[in-house]
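Residue 33 is where the sequence shown starts when you use the numbering used here, and the numbers rise one by one after that. For reference, the structure discussed in these notes is given below.
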Amino acid sequence: MKTSKLSSACQFTAVLLALIVVATDADPAQAQRGRRGDSLLDLARDRDLREELKLTDEQADSIEKIRSESRSTAFEKYREFGGRIEAAKDDAEKAKIEAERREYFDGQRKIAEAALAKVISAEQLRGLRLSQLKRRGVRGVGAEWVAVELKLTDEQKTKLQAAISGHDQQRQSLDEARRELFRNRDLSREERDKKSKALQDQGEALGKQRDQAILGVLSETQKISFQTLAGLSDAEDSKSVDKPMATAAQPDSTPKSATKSADATSQRGATVVTADGKPVSGSVVASFGAGVDATGAKPAKSLQFNFVQAPWSDVLKMFSAAAGLTWDQETVPPGTFTYFDDKDYTPTQALNVLNGALLQKGFILLRRDRFAVVVNVDNPVPPNLIPTVTVDELAKRASSELVRVVMPLEGKDAAKAATEVAYLLGPQGKAVALSVANSLIVTGLAKNALEIYTVLKSYIPEEEKDLTYEAFVLTNVSALAAEKMVRDLFGLQARGVGNVSEAARPSSSRGSSRG
Numbered sequence: 033m034k035t036s037k038l039s040s041a042c043q044f045t046a047v048l049l050a051l052i053v054v055a056t057d058a059d060p061a062q063a064q065r066g067r068r069g070d071s072l073l074d075l076a077r078d079r080d081l082r083e084e085l086k087l088t089d090e091q092a093d094s095i096e097k098i099r100s101e102s103r104s105t106a107f108e109k110y111r112e113f114g115g116r117i118e119a120a121k122d123d124a125e126k127a128k129i130e131a132e133r134r135e136y137f138d139g140q141r142k143i144a145e146a147a148l149a150k151v152i153s154a155e156q157l158r159g160l161r162l163s164q165l166k167r168r169g170v171r172g173v174g175a176e177w178v179a180v181e182l183k184l185t186d187e188q189k190t191k192l193q194a195a196i197s198g199h200d201q202q203r204q205s206l207d208e209a210r211r212e213l214f215r216n217r218d219l220s221r222e223e224r225d226k227k228s229k230a231l232q233d234q235g236e237a238l239g240k241q242r243d244q245a246i247l248g249v250l251s252e253t254q255k256i257s258f259q260t261l262a263g264l265s266d267a268e269d270s271k272s273v274d275k276p277m278a279t280a281a282q283p284d285s286t287p288k289s290a291t292k293s294a295d296a297t298s299q300r301g302a303t304v305v306t307a308d309g310k311p312v313s314g315s316v317v318a319s320f321g322a323g324v325d326a327t328g329a330k331p332a333k334s335l336q337f338n339f340v341q342a343p344w345s346d347v348l349k350m351f352s353a354a355a356g357l358t359w360d361q362e363t364v365p366p367g368t369f370t371y372f373d374d375k376d377y378t379p380t381q382a383l384n385v386l387n388g389a390l391l392q393k394g395f396i397l398l399r400r401d402r403f404a405v406v407v408n409v410d411n412p413v414p415p416n417l418i419p420t421v422t423v424d425e426l427a428k429r430a431s432s433e434l435v436r437v438v439m440p441l442e443g444k445d446a447a448k449a450a451t452e453v454a455y456l457l458g459p460q461g462k463a464v465a466l467s468v469a470n471s472l473i474v475t476g477l478a479k480n481a482l483e484i485y486t487v488l489k490s491y492i493p494e495e496e497k498d499l500t501y502e503a504f505v506l507t508n509v510s511a512l513a514a515e516k517m518v519r520d521l522f523g524l525q526a527r528g529v530g531n532v533s534e535a536a537r538p539s540s541s542r543g544s545s546r547g
């Protein structure tokens, strides 16, 4: 009977969880990730860039405060606009609401950047802007300060806005197709990979069309000025935001300085640095080992880290191929990755290393089914991107991997449990109580989820604990007298007594109290 109830509860939990996921999948919060990682406030958090611009700790704290305040209501506001768009009667009303949404968030961005300009110098602000422009490439022409530097006319600004708006509309349709692909569980891996590759190709084609349209608005003089401003060559000015792919290093292609440094430390997991403690400069090195298939046709069983100043776009692309995953390139963290280690890692262990570096930059790499995607952890992570796993699967996941798990709670209040485990969740974690099913939905890093499960498991109801019963034959004492002695020994109340004071009263006194 008990097993039947548990089975019914688990089935109910699974159905309810499915409804929750479906409901959240319909929300367009995916736009909260993607190209939000290259805002000025985001870039100001990059450690390398902060050192380059000589931002003080006080400035960094002020920037973080501005950033938190600007994002405190962003997700709910985006959901609100999404709900209005979904409820719109026709395309005209949808377009009107979308324009209102763009205007609102553009206004919020301007407010945040105005606050940023008050805590950093003009030189530091320009450094951030130039870094942003180099990262964005041609699409950065749409920034107001770039328009001023290039001396764009009002007519050019109008044409630019039209080109960017047209691209954004096409991009939204493509993003919706991507979400539908994520939700479709009926496709085989081959079909899913094929469709994902087709969508990725469409996205790249859209980016090239947008860049061509933007460059078509500029005069030859303005194009040269833009190339100089963004630090681009003639061959690069029409490329998308991603940096050039680094050449994968062969076993003997590690720079001599890197090899000497690695040998000198003789420590596994050591970052390749020079004598002054800074990452080595020179040639970019990017390799997961000589035996790794760069095409992704055959997932690797063992990986080694050999990276020197490798752009994150290269690192993530190579890791996805090595792990047999399809990478969604919507979000690319800024900066580079430098790490050398001759230890052999499984893809899951390698994911831990990468997330250890990414989390310091405010990003995390997720894998769901056969997809890999990077999201900004400072924005609410779209629930449809977080994989749902069983408790038994937690140990097989990377400890720094973001997961969702349902934990049945027999004999313990779910709402109380959600409150009690809050301190174990971490900044990316969340616990939701399902009171009807008496279960807990935990979202967080796998290591935290496993720790929470271990804690909750210790609260096993008395009737479910393993108890051993043994009968004793009494020869010199009655059963009632033996019971009284055992209860006295363990400090237990006498049978049938409601409270301690009542048990302590003499029997004659208890009898006289009755009327």
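Note that the Cβ used here is the ideal one computed from N, Cα and C, for glycine as well. Just so it is clear, the structure is predicted and the values come from calculations on it, not from any experiment.
Whose C-alpha, out of the options, is nearest the C-alpha of residue i?
i      : options                           : result
Lys333 : Pro379, Gln202, Asn387 and Gln392 : Pro379
Glu90  : Val518, Ala76 and Val249          : Ala76
Glu181 : Arg141, Val347, Gln254 and Gln156 : Gln254
Glu155 : Phe107, Glu135, Asp138 and Leu85  : Leu85
Lys448 : Ala354, Gly458, Ala106 and Ser471 : Ser471
Ala483 : Val437, Asn416, Thr105 and Ala382 : What sits at residue 483 in the sequence shown is Glu, not Ala. The candidate whose alpha carbon is nearest that of Glu483 is Val437.
Asp243 : Leu219, Thr260 and Lys191         : Lys191
Val487 : Arg211, Ala450 and Ala175         : Ala450
Leu390 : Ala446, Leu206, Ser345 and Asp374 : Ser345
Val474 : Asn508, Val423, Gly323 and Leu397 : Val423
Here's the rule I'm using: 16 or more other beta-carbon atoms within 10 Å means buried, otherwise exposed. How should residue i be labelled?
i      : result
Ala503 : exposed
Tyr371 : buried
Glu83  : exposed
Phe435 : At residue 435 the sequence reads Val, which differs from the Phe that was named. Val435 is buried by the Cβ-count criterion.
Val468 : exposed
Pro548 : Since the first residue shown for the chain is 33 and the last is 547, residue 548 is missing from the structure and cannot be characterised.
Asn480 : buried
Ala318 : buried
Thr358 : buried
Asp70  : buried
Met517 : exposed
Phe339 : buried
Ile152 : buried
Ser510 : exposed
Ser352 : buried
Leu230 : It is worth fixing the name first, because residue 230 is Ala in this sequence and not Leu. With fewer than 16 other Cβ atoms within 10 Å, it is exposed.
Could you please give the first and the last residue of the uninterrupted beta strand (DSSP E) stretch that includes residue i?
i      : result
Tyr455 : Taken as a continuous stretch (DSSP letters only), Tyr455 belongs to no beta strand (DSSP E), as it is neither H nor E.
Ile396 : Phe395 to Arg400
Lys462 : Lys462 to Leu466
Ser257 : It is not in any beta strand (DSSP E) - Ser257 instead sits in the alpha helix (DSSP H) that spans Glu252 to Ala262.
Ser319 : Val317 to Ser319
Is the beta carbon of residue i sitting closer than 9 angstroms to the one on residue j?
i      : j      : result
Glu442 : Leu477 : no
Asn411 : Arg103 : yes
Val364 : Gln341 : no
Phe369 : Phe214 : no
Met350 : Phe320 : yes
Asn216 : Arg203 : no
Arg79  : Gly367 : yes
Gly426 : Ala382 : Looking at the sequence shown, residue 426 is not Gly but Leu. Not a contact, by the Cβ cut-off of 9 angstroms.
Arg116 : Ile129 : yes
Gln361 : Gly263 : no
Val406 : Leu348 : yes
Leu247 : Val178 : no
Ile98  : Ala144 : yes
Leu397 : Ile418 : no
Ala514 : Leu506 : yes
Arg211 : Asn416 : yes
Ala149 : Leu165 : no
Leu238 : Lys227 : no
Phe107 : Tyr136 : no
Which two residues bound the contiguous alpha helix (DSSP H) that contains residue i?
i      : result
Arg210 : Asp186 to Arg215
Ser163 : Ala154 to Arg168
Thr486 : Ala478 to Lys489
Ala511 : Ala511 to Leu521
Val438 : Counting along the chain, Val438 falls outside any alpha helix (DSSP H), though it belongs to the beta strand (DSSP E) covering Leu434 to Pro440.
Ser102 : Asp89 to Arg103
Ser220 : That residue, Ser220, is in no alpha helix (DSSP H); it is neither H nor E in DSSP.
Arg79  : Arg79 to Leu85
Val151 : Asp123 to Val151
Gly323 : Premise fails: Gly323 is in no alpha helix (DSSP H) and is neither H nor E.
Phe107 : Ala106 to Ala119
Asp70  : Looking at the DSSP string, Asp70 is not in any alpha helix (DSSP H), and its letter there is neither H nor E.
Val180 : Glu176 to Leu182
In chain order, what are the residue ranges of uninterrupted alpha helix (DSSP H) at least 4 long that sit wholly in the region 339-424? 344-354 and 379-392
So within the region 228-253, which uninterrupted beta strand (DSSP E) runs reach at least 3 residues, ignoring any that extend past its ends? none
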